[in-house]
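**Student:** I am attaching a structure below and will ask some questions about it afterwards.
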Amino acid sequence: MIKLGSHIKFKSPNYLIDSIEESIENKANTMMIYLGPPQSTIRANISKYKLEEYKEKYKNIIKPEDIIVHAPYITNLANPEKKNFACEFLIKEIERMNYIGAKYLIIHPGSHTKFTRKDSIKTLIESLKYIFINTKNVEILIETMSGKGTEIGAKFEEIKYIIDKVNNSRLNVCLDTCHIWDYGYDVKNFKKLIKELKKTKIFSLIKVIHVNDSKNPIGSSKDRHENIGKGYIGLEPLKKIVNAQEFKNVIKILETPLVNKKPIYKKEIKLLSV
Ligand SMILES: [Zn+2]
341 MIKLGSHIKF
351 KSPNYLIDSI
361 EESIENKANT
371 MMIYLGPPQS
381 TIRANISKYK
391 LEEYKEKYKN
401 IIKPEDIIVH
411 APYITNLANP
421 EKKNFACEFL
431 IKEIERMNYI
441 GAKYLIIHPG
451 SHTKFTRKDS
461 IKTLIESLKY
471 IFINTKNVEI
481 LIETMSGKGT
491 EIGAKFEEIK
501 YIIDKVNNSR
511 LNVCLDTCHI
521 WDYGYDVKNF
531 KKLIKELKKT
541 KIFSLIKVIH
551 VNDSKNPIGS
561 SKDRHENIGK
571 GYIGLEPLKK
581 IVNAQEFKNV
591 IKILETPLVN
601 KKPIYKKEIK
611 LLSV
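Counting from 341, one number per residue, gives the positions in the sequence shown under the working numbering.
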């Protein structure tokens, strides 16, 4: 069965219980949460998560390993001046994930800002190695980026280079359909995309796909998500990716914009399911 879900709120007072119940209502069988606000590193104590209640009632509907965690945006493992803070924070984040039993942590590879791309990539590699030495079980997924500003990790070859250098089986990939489209990979051409993913040896590393349409044309380097079927990619190519045999073991997560201040994940999950 296809694993399809969405980003879902995780907050006081019911944490996991509200997240799971909303996901089930949307007919999702997986979900992605931030363990606190995406823009900050403030985190609630794990004792508030309602883990026991979740395990009693829902662990067979959405398994702990199918609860994806996204790291906050502000942690930049590739910045030599900020990497210490980012590493220590993410080690703690992984400990919180170990408590839940969650398996995948998605990170943005970072931006090189005032440093050279080469130095930043070196810093990112060192940061990842340090985190792996100091944590257990959780796999880190590098998200494919759109290449806006000084972002690293837009080109598949660059991600593969980083993964080869870290050389740890706990490092894999999260493919974002909007980001790769915005960078210049043709998501509408399924065969060509699979060929490119195989040629760059990214294909077998993909564990999660962020399924998003894009507000911009291919190659725009913008990173603005659009609702499914409302953007430049369109419904059919995204439906193809969600249901493809090639990605049958890959978890798919929607991160589409709110409509009238509300998520429409339930509708979009229905649209994408065959
Ligand atoms: Zn992301």
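In this text, a Cβ means the ideal position worked out from N, Cα and C, and glycines have one as well.
#1: Go ahead and pull the three-state DSSP assignment for H565.
#2: What are the start and end residues of the beta strand (DSSP E) that includes S346?
#3: Check whether the Cβ of H347 sits closer than 7 Å to any heavy atom of ligand 1, and report yes or no.
#4: Of all the alpha helix (DSSP H) runs that stay within the bounds of the region 453-482, which reach a length of 4 or more residues?
#5: Do you know offhand how far Y355's Cα is from L445's?
#6: Just checking I482 against ligand 1 - is the residue's beta carbon closer than 7 Å to any of the ligand's heavy atoms?
#7: Would you mind working out which of I360, K579, I408, V513 sits nearest E396, comparing C-alpha positions?
#8: Where in the region 404-448 do unbroken runs of the alpha helix (DSSP H), each at least 4 residues long, occur, reported from the N-terminal end onward?
#9: For a test of the three-state rule: what should DSSP assign to V551, helix, strand or coil?
#10: Tell me, please, whether the region 474-493 touches the region 426-443 by the rule of three or more beta-carbon pairs shorter than 8 Å.
#11: Does the beta-carbon of H448, which I'm using as the reference point, lie nearer than 7 Å to any heavy atom of ligand 1?
#12: Is the distance from the Cβ of L611 to the Cβ of G569 below 8 Å?
#13: At what residue ranges does the region 360-396 contain a whole run of the alpha helix (DSSP H), taking only runs of 4 or more?
**Tutor:** This is what the structure holds:
#1: Start at 1 with the first residue of the sequence shown, and residue 565 comes out as number 225. It is a strand residue.
#2: One-based indexing of the sequence shown puts residue 346 at position 6. Residues 344-347.
#3: If you number the sequence shown from 1, residue 347 lands on position 7. Result no, Cβ not under 7 Å from ligand 1.
#4: 457-473
#5: Here the question's residue 355 lines up with position 15 in the sequence shown. Here the question's residue 445 lines up with position 105 in the sequence shown. If I take the Cα positions, the gap works out to 18 Å.
#6: The residue labelled residue 482 in the question sits at position 142 within the sequence shown. Result no, Cβ not under 7 Å from ligand 1.
#7: As a position in the sequence shown, residue 396 is number 56, starting the count at 1. Nearest of I360, K579, I408, V513 to E396, Cα basis: I360.
#8: 423-440
#9: Position 211 of the sequence shown, counting from 1, holds the residue named residue 551. If DSSP states are grouped into helix, strand and coil, V551 belongs with the strands.
#10: A contact exists between the region 474-493 and the region 426-443.
#11: Along the sequence shown, read from residue 1 onward, the residue named residue 448 stands at position 108. Yes, Cβ of H448 sits closer than 7 Å to a heavy atom of ligand 1.
#12: Taking the sequence shown and counting its residues from 1, one reaches residue 611 at position 271. Taking the sequence shown and counting its residues from 1, one reaches residue 569 at position 229. Taking 8 Å as the Cβ cut-off, L611 and G569 qualify as a contacting pair.
#13: Listed in chain order, the alpha helix (DSSP H) runs fully inside the region 360-396 amount to none, counting runs of at least 4 residues.
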